[in-house]
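Residue numbering for the sequence shown follows our numbering, starting at 1 and increasing by one per position.
Where a beta carbon is used, it is the ideal one built from N, C-alpha and C, also for glycine.
Step one of this worksheet: look at the structure below.
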Amino acid sequence: KLSLCQGMPVMIRTNQATELCMTRGQEGKVYGWTSKKGSKGQTMLDTLFVELTKPPTDVQLDGLPKNVVPLTGSTVPTVITLPDSSAVTINRSQIEVLPCFGMTDYASQGKTRPFNPVDLSYAKNFHSYYTALSRSASASGTLICNGFNANKITGGAPNDLRCEYRELELLDD
Numbered sequence: 001k002l003s004l005c006q007g008m009p010v011m012i013r014t015n016q017a018t019e020l021c022m023t024r025g026q027e028g029k030v031y032g033w034t035s036k037k038g039s040k041g042q043t044m045l046d047t048l049f050v051e052l053t054k055p056p057t058d059v060q061l062d063g064l065p066k067n068v069v070p071l072t073g074s075t076v077p078t079v080i081t082l083p084d085s086s087a088v089t090i091n092r093s094q095i096e097v098l099p100c101f102g103m104t105d106y107a108s109q110g111k112t113r114p115f116n117p118v119d120l121s122y123a124k125n126f127h128s129y130y131t132a133l134s135r136s137a138s139a140s141g142t143l144i145c146n147g148f149n150a151n152k153i154t155g156g157a158p159n160d161l162r163c164e165y166r167e168l169e170l171l172d173d
């Protein structure tokens, strides 16, 4: 269940229409939605309208404000194994978006953030530190929450990584 409110930041999780900037990783905010009745009489999300944040090109669809796009759901069959080892197939319907209040270092790759609060306490290594911190547009826009382990960035590169870099240098020569 995804609780929605207008203005909520979201990230599109699949390439729905690349020519309309409705691509995996594109961020936006909820502009509005329409609903329908499900098979059991429950209210279900039908169409989610998202106002894209800084799309590569402006999008203008008839009847919608600039950069507002409609996202519709997809249905995926999923096999569920029950405790007695029997299997049941269910159809899962959803609109492929996630709340975008925060993201992992992996999901942040390729993004630039004017304001970038980072929590390095769960970062596994210096690669994660680098990825999270290099998303910042400026030092003044970066906030390191909860401190960090300095040994992860001052202890030297692991031996296997040093060997890999040395091999790359030899190949380059």
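Which same chain residues end up closer than 8 Å to residue i when comparing Cβ atoms and leaving out the 5 residues on each side of it in sequence?
i	result
residue 183	In the structure as shown, the chain starts at 1 and stops at 173, and residue 183 therefore has no counterpart that could be examined.
On a CA-only basis, which of the options is nearest residue i? Give me that one, please.
i	options	result
residue 21	123, 42, 64, 54	54
residue 123	145, 113, 164	145
residue 126	86, 159, 150, 74	150
residue 97	173, 25, 18, 128	25
residue 27	136, 81, 41, 7	7
Here's a check: name, in chain order, each residue in its chain whose Cβ is nearer than 6 Å to the Cβ of residue i, leaving out the five neighbours to either side.
i	result
residue 199	Outside the modelled stretch of the chain, which goes from 1 to 173, sits residue 199, for which no answer is possible.
residue 72	47
residue 91	75, 77
Note down the Cα distance separating residue i from residue j, rounded to an integer number of angstroms.
i	j	result
residue 2	residue 101	14 Å
residue 132	residue 120	8 Å
residue 147	residue 65	42 Å
residue 31	residue 16	18 Å
residue 112	residue 68	22 Å
Does DSSP classify residue i as helix, strand or coil?
i	result
residue 53	coil
residue 17	strand
residue 154	helix
residue 143	strand
- Mind pulling the beta strand (DSSP E) runs of 3 or more residues that sit fully within the region 60-127? Qualifying beta strand (DSSP E) stretches, in chain order: 68-72, 74-81, 87-94, 97-99, 116-119.
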